[in-house]
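Chains as they are written, first to last, in this note's numbering: chain A, 1 to 731; chain B, 1001 to 1219; chain C, 2001 to 2284; chain D, 3001 to 3189. The beta carbon of each residue, even a glycine, is placed where N, CA and C say it ideally should be. Keep in mind the model is a prediction, meaning the values are calculated, not measured.
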Amino acid sequence: MKITRRQFIGTAAAVTASAGLFSFNMLGKADKAVADTESKVQIFRNVCPRNCYDTCAQISYVEDGVLKKVEGDPKSTYTNGKLCLKGYNYTRRVYSPDRIKYPMKQVPRGSGNWERISWDEAMNTIAEKILELKKRYGSTLPICMNKYSGNFGITHYGIEGTMSSIGYTTRAVGTPCWPAGIDAQTYDFGTIINNDPEDLANSNYIILWGSNCAWTGIHSLPFIMKARERGAKIVAIDPILTSTASKADLYIQIKPSTDGALALGMAKYILDNDLVDWEYATANSIGFEEWVDYVRKNITLDWAAEKTGVPKDVIIQLAREYATTKPAAIWVGYGMQRHTNGGQNVRIIDALGVMTGNVGKSGGGVNYAHLETWGFNYHAMSMPVPEGSVGVPGPNGTYSDRAVNMNNFAAEVQALTDPPVKMLWIAARNPVSQDPDTNDIIKMFNSMELVVTVDSFFNKTVELSDIVLPATTHFEDWDVMASYWHYWVGINQRAIEPMYEAKSDVEIAMALSKAMNALEPGSCTYPTEGDPEEWVAKEFNDGIHSMLGISSYKDLLDGPRKAKISPVAWADGQFRTPSGKIEIRCERAAQNGLPALPVWVEELKTSAQYPIRFMTPHPQHGIHSQFQNLDWMMAANPEPVVEIHPELAAQYGIGEGDMVRIYNDLGEVKIKAHLTRTTSPDVIVSYEAWYKDSPFNVNYTVKAIPADMGKLATGMDGIAFHDNFVAIEKA
Amino acid sequence: MAVLLCLPDGALRIERLQSRLEILLALSRIFVAGGENLVYTLPELERAYSRWLKEEEESEGKELQSLLQADYGRKDLVYEFNRLFVGPKAPPVPPYESVYLSKDRLVMQESTLDVRRWYRQEELMPVSRSNEPDDFIATELEFGAYLLARAADYVKEQQRGKAIAFLDAYNAFYDEHLVWLEEFVRCLKKATQEKVFLIIGTIILKTVRPIEYQKGGLT
Amino acid sequence: MGNWEWPLVIFTVLGQTAIGMIFCLWLTERKRSKAGAAPSPEYQSFIKSSVLVSGLLLAVAMLASLFHLGQPLAAYRALTHLSTSWLSREILFFALTLGVWVYLFVLSRKPGARLTGILALTSVLGLLGIISSALIYTLPRVPAWNNLGPVLFFLLTGLLLGALVIAALGRKALGPAEMKQTVCLALGSVLVSLLLYLFYFSGLKVTPEGGATAQILFASPLFWLRAVVGWLLPLILLLVTVSKKEKPQPGLILLVLTCGVVGELLGRGLFYLSAVGIQILGLL
Amino acid sequence: MSKQLGFLHNSEKCVGCRGCEMACKNEYQSDASVRWRQVYQLREEDFALPTRIFISVGCNHCQNPECLRVCPVGAYSKRVDGIVIHDQERCIGCKLCTMACPYNRPQYNTTVKKVEKCNLCYERLDRGEKPACVAACVLEALEVVEINEELDYKTGVLKTLPGMPDPKITNPSIRFIGPKQGVQIRRDV
């Protein structure tokens, strides 16, 4: 007779005696307490830590230690209990058999010859290399960190802390995505603050200027639609007829990079027809008259129409409606500032908001982003350098880290000689697929003595690393997350134990510190021990407590909290500029070699050789190189396409589904064509992503051309990703 | 076939169980210790397999011959082991039951939890240094070996009923779980041309089987 | 667009052939029994072997059909929805045909047994099976199939291949008239099949999906191979055969049979491959 | 006649975010080879202006379900509320329903070698919850409604949209609010 597990009632009582004789490797005596949790569904609070507007509050359902499903947390009125398509894929990320499971080393780099190593060996190898480089060059400057937005949880700033704790190092500084716009608003207002996106519902006129929030910030749309139900008009200005633009009452297909010209044309009309809110503008800004003078003298509607490709009557209509339908809100998307004049264009749009008195109003604003809820301790990050550390000499015998531009990383790292960079530490970042000029990035990697990458999946950067360390997912970590768009802050609980041998960035820092101090006591200041929950607790301070109306981080276990700050940016008229006013005329901009006024700066134009603009905006099925590799996403969206206007396609004899070779002097990429009139005849579009088992990467043709701004607030200028000019042919 | 004997004096004896148990353990250790330790774990497998062959009264098979001839220290064996089973690149033959038996090719699925229940019934749980899914190949094989060891213990203690219960439990565990190894080996054979791993696959197919036993002798 | 469904191709073509054979045997047997002539030993062994071959083909066909299923071991359940499912009915008729065939087989081994009745019964059940098969595909969703086409094509496949196998097996045992009748049956089937297709194509164009089916067929080299091997060659060879007085050469019959089998297999494969269903038109 | 539940999809509101599709997968942790719910972008050329217009389609729980008619094992049944249920236990993987459905909704799971499809989350409905797709719809473009004459008389409620199969085939229990197209200032004219 056959039996099943249910029928087999072992003889556990006798186990102890004889089990002792059996030599176990994998199994051991069960912990009664753990066993008791069987089949009880536990609910945890999590927050999606991705580089995304929505930073969704999540609830994870865990049964017997296993993550079963993830839902939106209804306690956040912004995300309203709903996730995006990516957020529903998390079980696939956590339990994908593709995950990186153990520390491993590859000799030689890129060979595919991987050996599994223990954490101890990994940490020792890295520690020895750090110490050896330090000895060889007299400082830790040959060690270079490249970290950014793979996980925006606050404890992930422990990556920066790791570097500080070993000494002065070389750091990739900057942010590729949004710095030109940040600087523009920093010049104008003193910093970035957007109205609470939930306040969009109070608007009577909304311009989505280069924002495809249907893909990149879906949870804001209900507020926009609520405004529309009340009668608000929705305008979308975008070179691409996106899913978002498809919903607009008025869609304006603007020539890329000419947004400032459109705004100037609007300003001209507003001036000429005296629709200016003089009272607001003169009371709250400096240099306004001077700019008005510029507009009056230099701008004509014909010029603006010619420049932007937007007919004069449409500019007039837009200007009139924007200036008279109050409150009117503008959402400045990050796409529109990824140009060599991107920051300047944002400044012009800011000025438009100021002249119509829409700044500082509920339902108004020129909304870009904010960092108001990010006032944490950055405890994991703030580590002192070891005694006697040497770095880049500053005044009075002080030292500092050496900055390299994240946005021109390959070239700048290779240019460093004194001392050269010899080791890379990469975490929360995938430069080989996401940075411009992929070929140069690969060349730079090849010049390293040691490349360490912390990641969850075998992406292109891991492929070119010497040591890879397995990263936890956010369900395996304690953390706290804030948004750069909405006003909610949430705690992220450890819902499941870290899988395999995965560690969080802080745990890795502690392990490295242990190894370094064993080899050379005092060589690393990072604590060697600490409970993950305690690390999070240490990020909180009174400012955060009072902002969120909590007395302890533990209060967040009941649900995320919305910051108790004005939902209207700049409502108090207290601007954070040196003058305390909106600086339409901005001395700091002038000091940084930029126009002091929001005047027109010529856009970068296509050449005869490379006559087509290749735009590579954010995808729907992923965020940068995350998510698209997961099985559900690969099934739903198996391969990339390039969107080509039928007229352009016809010129090259390209039909639907044909492969297209897209190339310039930097490199090339081959993508399948999709013919569509959602783009214009001189712009082709493919959405950046990392597909599993695919060489697809849009960055082969992208030059590391800097955007005009970014230095002031983020240390480095941004990248003009969308000034990417190519030629095409049928492959 | 194992033989469970009840001798005329009432004594209980079992034959050919030990070799089975040892080979399960040897296979388990291959995956516990990983590609980097094949130089230690392969000879162990070789010994266990050779004993198994002898006990099953087969000649020393071809597989064993080539296994004997293999150079266990070859570095490329390590790389191939990791490529197949470990990573960091998505491994084509992940060594977890649920990837093959669950409707998704994911870890930590229903079958994983059922394996966990099996362990718990014996008051066991995975305690290895890395937090592997409960249905990691090495853990399952070890548990199989453990059930057989318990049966052997009871034979020693002359407790016939309990010995049989554990043999049956092993068979049930095989039917409910270990059977995935057939699919695992099928995938392995598709994914590699490296002889050593093909042989390990063959050994798994031949030796990780239900125990057929005869309740022989006089009772 | 559909797939090249090998299990279904084998199942339908072989199954139809088997039933076509039994039908031809019935025609022959009916005439003989009317004439009341005593069967020659040759004829007896022809009957025996023909019945055996038809049964084997039927069995192989039904076995092949299992490979189409995700759960072959649960195939028996396919009988449980006779109320509306033509697939259930198909299986029922095929199972009955096979059951009755067993009796036919036993009788065929008994010298002097009268087979007309049982052959008729087997044929009728088998033909109902073929019609049920065809009606499975008469789906409103698939315009190319949603007509009399499948029924006629499936029946013609049975008649053509059945007649050709019988002609091949009975090259010694059948009298000249019987042979002529069988060959004519095959010739008629090819001719009707060809004409029917021309007519069928003109009908396909009416719907976009049907048009797509036609397009797939015309664009496929396999379709043109099927046209030459399955229609043109058999047509010419059979015309030549029929025009001559003497019994056809066994080699020639075998050649036509080979052409016919290849043609029908290709044709059936294309039948499944070229199916275009009405569906939501949009990007996925 | 007993009632008929179905979906009302508002393509004026739907931005094709595909949240419904993935929420469905999250709820059932369904295999990568199947898509119970699928978002389609309708063809640009079928509308006055080229726009990204979407519909979201799960099982339409048709009044004349072809899947139910052709299934040889009787795996399909229709509840009194009109929901068409597929019993995977009975399914033998003959795939005939996948050929018969004009909406491609019964999907063949290549891992378990059986068909499966949307069941309108009847278990959630029976508990008084919304189906996973409806609950996840950020823009509230998807609803469960009772399909009846009253609904069909409402202005703006459509039985079909360009690109959808003729509803006469199966009489699907899905209704649409048609898309609205704004003014476009385009550079290709």
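For D/Q3029, return the contacting residues in chain A, with the cut-off set at a CB-CB distance below 8 Å.
-> K68, K69, T91
Is it true that the segment 175 to 186 of chain A meets the segment 463 to 475 of chain A, where meeting means three or more beta-carbon pairs spaced less than 8 Å apart?
-> no
Enumerate, from N- to C-terminal direction, the unbroken beta strand (DSSP E) stretches of 3 or more residues contained entirely within the segment 204 to 267 of chain A.
-> 205 to 209, 233 to 237, 250 to 252
Looking only at its own chain, which residues have a Cβ that is under 7 Å from the Cβ of D/K3117, when we skip the five neighbours before and after it?
-> W3036, C3059, H3086, R3105, P3106, Q3107
From the DSSP output, in three-state form, read off D/E3143 for me.
-> strand
Can you give me, in chain order, the residues of the segment 3161 to 3187 of chain D that have a beta carbon less than 9 Å from any beta carbon in chain A?
-> P3179, K3180, Q3181, G3182, V3183, Q3184, I3185, R3186, R3187
Beta carbon proximity, B/D1135 to chain D, threshold 7 Å | no
Distance, D/C3091 Cα to C/C2259 Cα = 38 Å
With DSSP as the reference, label B/Q1018 as helix, strand or coil.
-> helix
How would you list, in chain order, the residues of chain A whose beta-carbon sits under 8 Å from the beta-carbon of B/T1207?
-> Correct list: empty, because the minimum Cβ distance to chain A is about 18 Å.
Any idea what DSSP makes of A/L464, helix, strand or coil?
-> coil
Measure the alpha-carbon distance for A/R171 versus A/A403 and round it to whole angstroms.
-> 5 Å
Which same chain residues, not among the five before or five after D/S3077, have their C-beta less than 6 Å away from its C-beta?
-> I3085
Proximal residues to A/N446 (C-beta, below 7 Å), its chain only, five neighbours per side dropped | none
So, are the CB atoms of A/A329 and A/S203 less than 7 Å apart?
-> yes
Quick one: what's got a C-beta closer than 7 Å to C/I2136's C-beta in the same chain, skipping five residues either side?
-> W2086, L2087, E2090
Count the other C-beta atoms from every protein chain shown that fall within 10 angstroms of the C-beta of C/F2218, then say buried if there are 16 or more, exposed otherwise.
-> exposed
With 16 other Cβ atoms within 10 Å as the buried cut-off, status of A/E71 | buried
Are B/L1124 and B/S1111 close, meaning C-beta to C-beta below 7 Å?
-> no
With 7 Å as the threshold, decide whether the Cβ of D/L3042 is near any Cβ in chain C.
-> yes
Identified DSSP bridge partners for B/W1154 | In the sequence as presented, Trp is not what sits at residue 1154 of chain B; that position holds Tyr. Answer by DSSP bridge pairing: none, since B/Y1154 is not bridged.
Should A/S18 be flagged as near chain B, meaning a C-beta pair shorter than 7 Å?
-> For A/S18, the predicted structure reports a pLDDT of 46, less than 50, and the residue's modelled location is therefore unreliable. The matter cannot be settled from this model.
Examine the Cβ distances between the segment 3027 to 3046 of chain D and the segment 2241 to 2261 of chain C and report whether three or more of them are shorter than 8 Å.
-> no
At a CB-CB cut-off below 9 Å, which residues of chain D make contact with A/G309?
-> I3185, R3187
Answer with yes or no whether the minimum CB distance from A/Y251 to chain D is below 7 Å.
-> yes
Taking all protein chains shown into account, do 16 or more other C-beta atoms lie within 10 angstroms of the C-beta of A/T16, making it buried, or fewer, making it exposed?
-> No answer about A/T16 holds up, because its pLDDT of 41 lies below 50 and its placement is not dependable.
Please classify A/Y691: is it buried, with 16 or more other beta-carbons within 10 angstroms of its beta-carbon, or exposed?
-> buried
Across which residues does DSSP place A/A329 in a beta bridge pair?
-> A/I206
Interfacial residues, the segment 1086 to 1113 of chain B to chain D, with Cβ spacing under 9 Å | S1102, K1103, D1104, R1105, L1106, Q1109
Would you please verify whether the beta carbon of B/P1126 is less than 7 Å from any beta carbon of chain A?
-> yes
Using a Cβ-Cβ cut-off of less than 8 Å, list which residues of the segment 3046 to 3065 of chain D approach chain A; keep chain order.
-> P3050, T3051, R3052, I3053, F3054
Under 7 Å between C-beta atoms, does B/N1037 make it to chain E?
-> Of the chains in the structure shown, none is chain E; the protein chains are A, B, C and D.
Output yes if chain B places a C-beta closer than 7 Å to the C-beta of A/G375; else output no.
-> no
So, helix, strand or coil for A/D739, using DSSP?
-> Absent from the structure is residue 739 of chain A, since the part of chain A shown begins at 1 and ends at 731.
By a C-beta neighbour count over all protein chains shown, 10 Å radius and 16 as the cutoff for buried, is A/P384 buried or exposed?
-> exposed
Give the range of the alpha helix (DSSP H) segment to which C/T2241 is assigned.
-> 2233 to 2243
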